[in-house]
Amino acid sequence: MNTNGNTYTVIYSTVLVILVAAILAFVAMSLQDKQNENIKIETITKVLSAAAQSDEALTIDETTDVLAMYAEKITDAFNVDGLGNVKEHLNTGKGNVRDIKVPSTADLKKQNDILKKIADTKDEASKAALLESLDLPVFVFDINGRTVTVIPCYGAGLWGPIWGYIALAEDGKTIVGAIFDHKGETPGLGAKIAEAPFYTSFQGKAFGSGEKVFAVEKGKHEDDPTCVDAISGATITSQALGRGINLWATYYQPYLMTMQADEEVPADSQDETNPETTQTVEE
Amino acid sequence: MKDINFKEVLLKPIFKGNPVTVLVLGICSSLAVTVQLKGAFVMALSVIVVTGLSSFVVSIIRNSIPNRIRIIVQLVVVALMVILVDQFLKAYSYSISKTLSVYVGLIITNCIVMGRIEAYALGNKPIPSLLDGLANGAGYGLILIVLAFFRELLGSGTLFGYRIIPQSFYDAGYMDNGLVILPPMALILLGLIVWIQRSIQKDLQEK
Chain A
9 MNTNGNTYTV
19 IYSTVLVILV
29 AAILAFVAMS
39 LQDKQNENIK
49 IETITKVLSA
59 AAQSDEALTI
69 DETTDVLAMY
79 AEKITDAFNV
89 DGLGNVKEHL
99 NTGKGNVRDI
109 KVPSTADLKK
119 QNDILKKIAD
129 TKDEASKAAL
139 LESLDLPVFV
149 FDINGRTVTV
159 IPCYGAGLWG
169 PIWGYIALAE
179 DGKTIVGAIF
189 DHKGETPGLG
199 AKIAEAPFYT
209 SFQGKAFGSG
219 EKVFAVEKGK
229 HEDDPTCVDA
239 ISGATITSQA
249 LGRGINLWAT
259 YYQPYLMTMQ
269 ADEEVPADSQ
279 DETNPETTQT
289 VEE
Chain B
210 MKDINFKEVL
220 LKPIFKGNPV
230 TVLVLGICSS
240 LAVTVQLKGA
250 FVMALSVIVV
260 TGLSSFVVSI
270 IRNSIPNRIR
280 IIVQLVVVAL
290 MVILVDQFLK
300 AYSYSISKTL
310 SVYVGLIITN
320 CIVMGRIEAY
330 ALGNKPIPSL
340 LDGLANGAGY
350 GLILIVLAFF
360 RELLGSGTLF
370 GYRIIPQSFY
380 DAGYMDNGLV
390 ILPPMALILL
400 GLIVWIQRSI
410 QKDLQEK
């Protein structure tokens with residue numbers, strides 16, 4: 009048979025490519041569940057790690073059973089809209105750790121698109137409708153008696169999406185922990201957002217109010233609690249992270265305000281510090 | 210039919226014709242994934258699987274491949290194997306697949322795979338080709354593991370993540386060598402291995 013003719017070559021390559029595509033599609037489909045499970049566990053680890061930074065005695069490493077620990081420490085998880093109203097609750101795995109529900113990065117991206125649309129919309133009526141359509145996730149943990157609230161953030165880095173989880177103290181302002189991840193930032197430069205000491209520099213900082221809730225900018229920022237130092241050599245990633253946190257934190261404000269309001273009611277909060285005094289201590 | 214010396218096929222790529230130190234192929238990934246033994250070990254296994262299976266498959270279809278699109282067909286077969294390995298790692302060894310990141314995908318461009326297909330699998334029967342692929346993968350893997358052993362021991366004081374250098378050494382002033390973690394030192398270490406091999410095997414020395 010002439011294996012060098014044009015017809016043979018075209019048919020050969022077509023059959024080969026279709027065959028390979030079929031094999032890959034089959035394998036990808038059959039391994040999908042397992043891979044998604046791994047990604048879910050990774051997200052749970054991130055959320056838990058952010059909360060766990062509030063307590064130095066709590067460490068999470070490869071040997072930790074994150075699912076069990078998450079189910080033990082979490083008190084509630086739910087979505088809020090841009091007006092501060094609590095919407096549906098997410099499964100926290102109290103019954104069965106396999107049922108834990110956390111938003112995927114695709115879910116975060118969807119919310120991020122809505123947030124960007126809101127920021128661009130001038131018309132009040134459609135803005136309000138969009139704010140109501142938001143499903144921003146909130147995770148509430150009980151870490152050794154302290155209530156720690158974890159909220160996500162998302163943004164577009166230099167090469168791909170970057171996202172993270174920020175843990176807030178009882179006042180809904182002070183940051184007690186933060187952790188970030190990325191799809192493919194440059195190793196050694198932008199990828200440093202996922203490493204200490206960058207994420208530990210968020211501890212003790214706080215969300216501000218108004219236009220600038222939070223920023224990542226060059227410099228030391230010892231007097232400015234709403235700003236952390238950027239990573240040198242990774243300006244675009246740092247700025248994107250700052251913008252992402254700022255955007256997300258802005259639309260979490262209505263909910264975080266209700267947390268602050270709750271706290272001012274001195275019902276069962278003798279040992280909790282007043283937001284004003286926390287601020288003074290920080291400064 | 211020519212006789213094939215199976216012992217030669219299996220053993221030559223491990224030492225005498227090692228793809229990394231003698232043919233100097235696959236250098237990029239051997240510098241990148243040898244910071245820790247665990248990653249190097251999984252990378253070595255992945256490459257062994259890919260070189261073995263793709264040589265085997267190409268050898269089966271070798272007589273039907275149109276000569277003009279030979280390289281493309283080989284590349285499709287190699288890419289198929291690499292993506293399969295990547296998918297399995299993502300499903301069953303997620304944390305390692307994250308450490309190896311793009312380097313699993315980059316096995317496609319590892320010259321050893323294509324080199325063995327062109328040089329051996331296209332002209333030999335499937336079983337010898339499979340063995341040749343596996344052996345070349347193993348030769349690459351051996352260098353990877355030797356490099357990773359020294360880099361992890363000297364750079365982090367651990368092996369497979371377990372602490373080897375006792376805390377008392379650190380208390381006495383010993384420090385991990387940060388340079389060993391970086392790729393340049395891996396290249397120097399690799400050079401040392403080549404040096405040692407050439408001083409044992411005199412016929413490799415150029416006059």
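Chains as they are written, first to last, in this note's numbering: chain A, 9 to 291; chain B, 210 to 416.
Beta carbons: idealized from backbone N, C-alpha and C, even for Gly.
Just so it is clear, the structure is predicted and the values come from calculations on it, not from any experiment.
Under the DSSP definition of a beta bridge, which residues are partnered with residue i?
i: residue 163 (chain A); result: A:170
i: residue 367 (chain B); result: B:372
i: residue 146 (chain A); result: A:86
i: residue 223 (chain A); result: A:235
i: residue 189 (chain A); result: A:171
i: residue 97 (chain A); result: A:86
i: residue 182 (chain A); result: A:214
i: residue 151 (chain A); result: A:154
Compute the distance between the beta-carbons of residue i and residue j, then report whether it is under 9 Å.
i: residue 252 (chain B); j: residue 312 (chain B); result: yes
i: residue 59 (chain A); j: residue 158 (chain A); result: yes
i: residue 227 (chain A); j: residue 235 (chain A); result: yes
i: residue 179 (chain B); j: residue 354 (chain B); result: Past the edges of chain B, shown from 210 to 416, lies residue 179 (chain B), and the structure says nothing about it.
i: residue 140 (chain A); j: residue 304 (chain B); result: no
i: residue 296 (chain B); j: residue 327 (chain B); result: no
i: residue 171 (chain A); j: residue 113 (chain A); result: yes
i: residue 104 (chain A); j: residue 85 (chain A); result: no
i: residue 87 (chain A); j: residue 255 (chain A); result: no
i: residue 144 (chain A); j: residue 263 (chain A); result: yes
i: residue 268 (chain B); j: residue 219 (chain B); result: no
i: residue 309 (chain B); j: residue 298 (chain B); result: yes
i: residue 361 (chain B); j: residue 245 (chain B); result: yes
i: residue 49 (chain A); j: residue 74 (chain A); result: yes
i: residue 370 (chain B); j: residue 216 (chain B); result: no
i: residue 252 (chain A); j: residue 161 (chain A); result: yes
Could you tell me how far apart the beta carbons of residue i and residue j are, in whole angstroms, since I believe they sit closer than 8 Å?
i: residue 289 (chain B); j: residue 31 (chain A); result: 7 Å
i: residue 347 (chain B); j: residue 223 (chain B); result: 6 Å
i: residue 257 (chain A); j: residue 224 (chain A); result: No, residue 257 (chain A) and residue 224 (chain A) are not in contact; Cβ-Cβ is about 12 Å, not under 8 Å.
i: residue 350 (chain B); j: residue 256 (chain B); result: 6 Å
i: residue 182 (chain A); j: residue 214 (chain A); result: 5 Å
i: residue 22 (chain A); j: residue 273 (chain B); result: No, residue 22 (chain A) and residue 273 (chain B) are not in contact; Cβ-Cβ is about 14 Å, not under 8 Å.
i: residue 174 (chain A); j: residue 149 (chain A); result: 13 Å between Cβ atoms; not a contact.
i: residue 153 (chain A); j: residue 190 (chain A); result: At roughly 33 Å, the Cβ-Cβ gap does not stay under 8 Å, so residue 153 (chain A) and residue 190 (chain A) are not in contact.
i: residue 259 (chain A); j: residue 138 (chain A); result: In fact, because the Cβ distance is near 10 Å, the residues do not count as touching under 8 Å.
i: residue 238 (chain B); j: residue 352 (chain B); result: At roughly 11 Å, the Cβ-Cβ gap does not stay under 8 Å, so residue 238 (chain B) and residue 352 (chain B) are not in contact.
i: residue 163 (chain A); j: residue 36 (chain A); result: In fact, because the Cβ distance is near 28 Å, the residues do not count as touching under 8 Å.
Might you give, ordered along the chain, the residues of its own chain that have their beta carbon closer than 6 Å to the beta carbon of residue i, omitting 5 neighbours on each side?
i: residue 397 (chain B); result: none
i: residue 342 (chain B); result: 260, 261, 264, 325
i: residue 250 (chain A); result: 223, 224
i: residue 147 (chain A); result: 55, 85, 158
i: residue 330 (chain B); result: 264, 267, 268, 338
i: residue 406 (chain B); result: 230
i: residue 111 (chain A); result: 145
i: residue 413 (chain B); result: 407
i: residue 94 (chain A); result: 86, 88
i: residue 281 (chain A); result: Low confidence applies here, because residue 281 (chain A) scores a pLDDT of 46, under 50, leaving its location unreliable; read the following figure in that light. Result list for residue 281 (chain A): empty, nothing under 6 Å.
Using a Cβ-Cβ cut-off of 8 Å (strictly less than) and excluding sequence neighbours within five positions of residue i, which residues of its own chain qualify?
i: residue 118 (chain A); result: none
i: residue 151 (chain A); result: 59, 60, 62, 63, 66, 81
i: residue 239 (chain A); result: 197, 198, 200, 201, 206, 245, 246
i: residue 300 (chain B); result: none
i: residue 302 (chain B); result: 251
i: residue 363 (chain B); result: 385, 386, 389
i: residue 335 (chain B); result: 265, 268, 269
i: residue 229 (chain A); result: 235, 236, 237
i: residue 214 (chain B); result: none
Residues in the same chain with beta-carbon distance under 7 Å from residue i, minus the five sequence neighbours each way, listed in chain order, please.
i: residue 221 (chain B); result: none
i: residue 345 (chain B); result: 222, 228, 260, 321, 325
i: residue 78 (chain A); result: 52, 56, 101, 108
i: residue 192 (chain A); result: 167, 168
i: residue 92 (chain A); result: 262, 263, 265, 266
i: residue 278 (chain A); result: Per-residue confidence for residue 278 (chain A) stands at a pLDDT of 45, beneath the threshold of 50, marking its modelled position as unreliable; no derived number is given.
i: residue 403 (chain B); result: 230
i: residue 234 (chain B); result: 228, 320, 321, 324
i: residue 365 (chain B); result: 385
Quiz item: What residues in the stretch 45-69 of chain A have a beta carbon less than 9 Å from any beta carbon of chain B?
Solution: 45, 46, 47, 49, 50
Quiz item: At a Cβ cut of 8 Å, what residues of the stretch 27-42 of chain A count as close to chain B, listed as they run along the chain?
Solution: 28, 31, 32, 35, 36, 39, 42
Exercise. Check each residue of the stretch 269-300 of chain B: if its Cβ is closer than 9 Å to any Cβ of chain A, include it; give the result in chain order.
Key: 270, 272, 273, 274, 275, 276, 277, 278, 281, 282, 285, 286, 288, 289, 292, 293, 296, 297, 299, 300
Practice problem: Name, going along the chain, the residues of the stretch 371-386 of chain B whose beta-carbon falls closer than 8 Å to a beta-carbon of chain A. | Solution: none
Quiz item: Residues in the stretch 77-92 of chain A with C-beta within 9 Å of chain B's C-beta atoms, listed in sequence order?
Solution: none
Practice problem: Please list the residues of the stretch 211-240 of chain A that have a C-beta atom closer than 9 Å to any C-beta atom in chain B, keeping them in chain order. | Solution: none
Practice problem: Can you give me, in chain order, the residues of the stretch 11-24 of chain A that have a beta carbon less than 7 Å from any beta carbon in chain B? | Solution: 11, 12, 16, 17, 20, 21, 24
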